[in-house]
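Residues 55 to 243 (this note's numbering) make up the sequence shown, in order.
We treat Cβ as the ideally placed atom computed from N, Cα and C, and that holds for glycine.
Reviewing the structure listed below.
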Amino acid sequence: MPAETDPRFLRSREAILHAARELLLEKGPAAVTHAPVAERAGVGRATVYRHWPRPELLLVEAMATVPMPFFAEPTVPTRDWLRRELTAMAHQLDLDDVRAVATTLANTALWDEHMEARRAQFAGVLSERVTAALDDAQHRGELTLAIPGRNAAAALIGPLYYRSTIEHSPADPGLIESAIAALGSWSTD
């Protein structure tokens, strides 16, 4: 019987994923490594390695089944909300595990259809949320966009991703403010 259809294989895989999700939600991305996940799932560490040879692959899988926390609930004023969301994202990208997941997802998506689907899902959610919030801000008169709303997520998140993954430096408040300002003209009310 192939491993992928063996009930024991499937049960251990689901137990591991469940444990990884719990740890992710309770303690954050840094907690999703082989040893704590194996302990939580009640399986041996070798079993976790068999399913996910690298911890960042397990983290990507766990993250794909947990709701995306960023840009989920816009508040007014939009500029302040963007600053808070981008700052939270920048802090996450400062974590080695999150940085590893972000680069692994982008890299592996080039040749793995499954990972490409996950990458597209993450990108789609972020883009839709940012676009909707900025469109609402524009309708309220808070902002006159200088770029199409569909490009806004890339314009906001791109500099943080670059700073984190290419430069291995934290995104400072000045970078975040510059990204927000580049979206267009903000009202001063």
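{"query": "So, is Ala89 buried or exposed, given that buried needs 16 or more other C-beta atoms within 10 angstroms?", "result": "exposed"}
{"query": "Give the straight-line distance between the Cα atoms of Ala85 and Leu77, rounded to the nearest whole angstrom.", "result": "6 angstroms"}
{"query": "For Glu231 and Ala160, I'd like the C-alpha separation in whole angstroms.", "result": "26 angstroms"}
{"query": "Can you tell which of Pro109, Gly203, Ala144, Met117 has the C-alpha that lies nearest to the C-alpha of Asp189?", "result": "Gly203"}
{"query": "Rounded to the nearest angstrom, what separates Gly96 and Arg62 at their Cα positions?", "result": "13 angstroms"}
{"query": "Any contact between the region 104–123 and the region 145–164? By contact I mean 3 or more CB pairs, one from each, below 8 angstroms.", "result": "yes"}
{"query": "Write down the C-beta distance between Val102 and Ala118 rounded to the nearest angstrom, noting that I regard them as a contact closer than 8 angstroms.", "result": "Not a contact, Cβ separation roughly 17 angstroms."}
{"query": "Would you kindly work out how many angstroms separate the C-alpha atoms of Ser239 and Thr198, rounded to a whole number?", "result": "5 angstroms"}
{"query": "Helix, strand or coil: how does DSSP classify Gly238 here?", "result": "strand"}
{"query": "Who does Leu36 pair with in a DSSP beta bridge?", "result": "Only positions 55 to 243 of the chain appear in the structure, and residue 36 is not among them; the question remains open."}
{"query": "Would a C-beta distance cut-off of 8 angstroms place Met169 and Ala163 closer than the cut-off?", "result": "yes"}
{"query": "Under 8 angstroms by Cβ, that's how I've got Arg94 and Ala73 pegged, so tell me the actual separation to the nearest angstrom.", "result": "4 angstroms"}
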